[in-house]
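Colleague: Numbering (mature numbering (1 follows the signal peptide of the UniProt record, and there is no 0)), first residue to last: -26 to -1, 1 to 258. Even glycine gets a Cβ: it sits at the ideal position worked out from N, Cα and C. Quick one: this structure, given as structure tokens, is what I'll be asking you about.
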């Protein structure tokens, strides 16, 4: 006699199998999904799987021979953090940090400066909009304004001790625009500004400063001071860029910026024309 196994399944078990959700694999969030704050059906890039991409991208026209930035290698040059570069470590800020803020909905932001957001580590501010860097702000001051709100609310540091910085194209390490948010109660540059007898003399426009420490040459940092209210750093940046000569095409890629206050109650918005703004405002 031939025996056959009993393949019958209890009805209760069958119903349970039917009702159980089918496992699904969500794809990595795209630039479009992040920019639209729509990440419910995708997964933010695993921070451990970003890679160093192969191309060091040239800056400016080939005839200018501007020195490239070796710290921002990409898969596809001159497009910023698009989907073509989503696996590059230089886009981890966008496809990782910013994406996670959108997914968690618990990062500090302010309705007046949306979509700019303070990331989870409270060290960087960025935006969901595709914006590679300082040259792409075009007068958008919301990131700088959010930084000043962060200080005013005590979320990070304070107006007296805090500083903000945005690196140049040549010195940045990410291909998505970001503001460094720093607690610097002891600062070489703040000490220099505290020694200026009449900050009001710097309120009319960008003025080359005599600061010549930390490897910066005299007049390589330009600043404007304001006594009351928040300072429009994006306007300071635009003022500098609009004054550049076409005879110096590489100068654009060396422009960084920062914000810091002094003991007299003035806020200073500055442009760095060499070196790293982060180094000046946040690291010394």
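Could you give the residue range of the alpha helix (DSSP H) that holds residue 117?
Modeller: Within the chain shown, residue 117 is the residue found at index 143, counting from 1. Boundaries of the alpha helix (DSSP H) harbouring residue 117: 116 to 126, taken from the DSSP string.
Colleague: For residue 241, write down the residues that DSSP places opposite it in a beta bridge.
Modeller: If you number the chain shown from 1, residue 241 lands on position 267. The partner list for residue 241 (beta bridge, DSSP) reads 200, 235.
Colleague: Indicate whether the contact test is met: 3 or more Cβ pairs, each with one atom in the segment 60 to 79 and one in the segment 12 to 30, closer than 8 Å.
Modeller: yes
Colleague: Quick one: is residue 217 buried, meaning 16 or more other Cβ sit within 10 Å of its Cβ, or exposed?
Modeller: Working through the chain shown from its first residue, we reach residue 217 at position 243. Exposed, since its Cβ has fewer than 16 Cβ neighbours within 10 Å.
Colleague: Determine whether the beta carbon atoms of residue 5 and residue 56 lie at a separation below 8 Å.
Modeller: By 1-based counting over the chain shown, the position of residue 5 is 31. By 1-based counting over the chain shown, the position of residue 56 is 82. Yes, the pair counts as a contact, with Cβ atoms nearer than the cut-off.
Colleague: Can you name, in chain order, every residue of its own chain whose Cβ lies under 6 Å from the Cβ of residue -5, other than the five neighbours on each side?
Modeller: As a first step, residue -5 must be located in the chain shown, where it is residue number 22. Below a pLDDT of 50, predicted positions are generally treated as unreliable, and residue -5, at 49, falls in that range; the measurement from the model is reported next regardless. Excluding sequence neighbours, residue -5 sits near nothing in its chain.
Colleague: DSSP state of residue 177, grouped into three classes?
Modeller: If you number the chain shown from 1, residue 177 lands on position 203. Looking at residue 177 - three-state DSSP - the assignment turns out to be coil, as it is neither helix nor strand.
Colleague: Alpha helix (DSSP H) containing residue 218: first to last residue?
Modeller: By one-based count along the chain shown, residue 218 stands at place 244. From DSSP, residue 218 is part of no alpha helix (DSSP H); its letter is neither H nor E.
Colleague: Can you tell me whether residue 52 is buried or exposed, with buried defined as 16 or more other CB within 10 angstroms of its CB?
Modeller: Here residue 52 is taken as the residue at index 78 of the chain shown, counted from 1. Using a 10 angstroms sphere on the CB of residue 52, the tally of other CB atoms stays under 16, which defines it as exposed.
Colleague: What is the residue span of the beta strand (DSSP E) that residue 137 lies within?
Modeller: Here residue 137 refers to the residue found at position 163 when the chain shown is read from its first residue. It spans 136 to 140 - the beta strand (DSSP E) in which residue 137 sits, taken as one unbroken run.
Colleague: If we count Cβ pairs, one from each stretch, closer than 8 Å, do we get three or more for the segment 239 to 250 versus the segment 197 to 214?
Modeller: yes
Colleague: Could you have a look at residue 224 and say whether DSSP puts it in helix, strand or coil?
Modeller: One-based indexing of the chain shown puts residue 224 at position 250. Note: residue 224 maps to coil in three-state DSSP.
Colleague: Apart from the five residues on each side of it in sequence, which residues of its chain come closer than 6 Å, Cβ to Cβ, to residue 144?
Modeller: As a working mapping, residue 144 is identified with position 170 in the chain shown. Counting only Cβ-Cβ distances below 6 Å, and skipping sequence neighbours, we find 43, 227, 228.
Colleague: If you draw a straight line from the C-alpha of residue 140 to the C-alpha of residue 150, how long is it?
Modeller: Working through the chain shown from its first residue, we reach residue 140 at position 166. Working through the chain shown from its first residue, we reach residue 150 at position 176. Each residue's alpha carbon lies about 11 Å from the other.
Colleague: Should residue 88 be labelled buried (16 or more other beta-carbon atoms within 10 Å of its own) or exposed?
Modeller: Counted from its first residue, the chain shown places residue 88 at position 114. By the 10 Å Cβ count, residue 88 comes out exposed.
Colleague: What does the alpha-carbon distance come out to for the pair residue 117 and residue 93?
Modeller: Along the chain shown, read from residue 1 onward, the residue named residue 117 stands at position 143. Along the chain shown, read from residue 1 onward, the residue named residue 93 stands at position 119. Near 12 Å, if we compare the C-alpha coordinates of residue 93 and residue 117.
Colleague: Confirm, please, whether the CB-CB distance from residue 156 to residue 181 is below 8 Å.
Modeller: For this step, residue 181 is matched to residue 207 along the chain shown. For this step, residue 156 is matched to residue 182 along the chain shown. No.
Colleague: Mapping DSSP to helix, strand and coil, what is residue 156?
Modeller: Numbered from 1 along the chain shown, position 182 holds the residue referred to as residue 156. If DSSP states are grouped into helix, strand and coil, residue 156 belongs with the strands.
Colleague: Does residue 40 come out as helix, strand or coil in the three-state DSSP assignment?
Modeller: Indexing the chain shown from 1 puts residue 40 at position 66. Looking at residue 40 - three-state DSSP - the assignment turns out to be strand.
Colleague: Extract the residue ranges of the beta strand (DSSP E) inside the segment 8 to 83, only unbroken runs of 3 or more that lie entirely within it.
Modeller: Segments of the beta strand (DSSP E) lying fully in the segment 8 to 83: there are none.
Colleague: Please report the straight-line C-alpha distance between residue 184 and residue 166, rounded to a whole angstrom.
Modeller: The residue given as residue 184 occupies position 210 in the chain shown. The residue given as residue 166 occupies position 192 in the chain shown. Roughly 9 Å separates the two Cα atoms.
Colleague: Is the beta carbon of residue 188 less than 8 Å from the beta carbon of residue 80?
Modeller: On the chain shown, residue 188 is found 214 positions in, with the first residue counted as 1. On the chain shown, residue 80 is found 106 positions in, with the first residue counted as 1. Contact flag unset, no.
Colleague: Counting beta carbon pairs with one atom in the segment 103 to 110 and one in the segment 122 to 133, are three or more of them shorter than 8 Å?
Modeller: no
Colleague: Given that a residue counts as buried once 16 or more other Cβ atoms are within 10 Å of its Cβ, and exposed if not, what is residue 160?
Modeller: Along the chain shown, read from residue 1 onward, the residue named residue 160 stands at position 186. It is exposed - the Cβ of residue 160 has fewer than 16 other Cβ atoms within 10 Å.
Colleague: Using DSSP with H/G/I as helix, E/B as strand and the rest coil, what is residue 211?
Modeller: Here residue 211 refers to the residue found at position 237 when the chain shown is read from its first residue. Residue state, collapsed to three classes: helix.
Colleague: Could you name the residues of the same chain whose beta carbon sits closer than 7 Å to that of residue 48, not counting the 5 residues immediately before and after it, in chain order?
Modeller: Within the chain shown, the letter at position 74 stands for residue 48. So the qualifying residues of the chain are 27, 29, 31, 59, 62, 64, 149.
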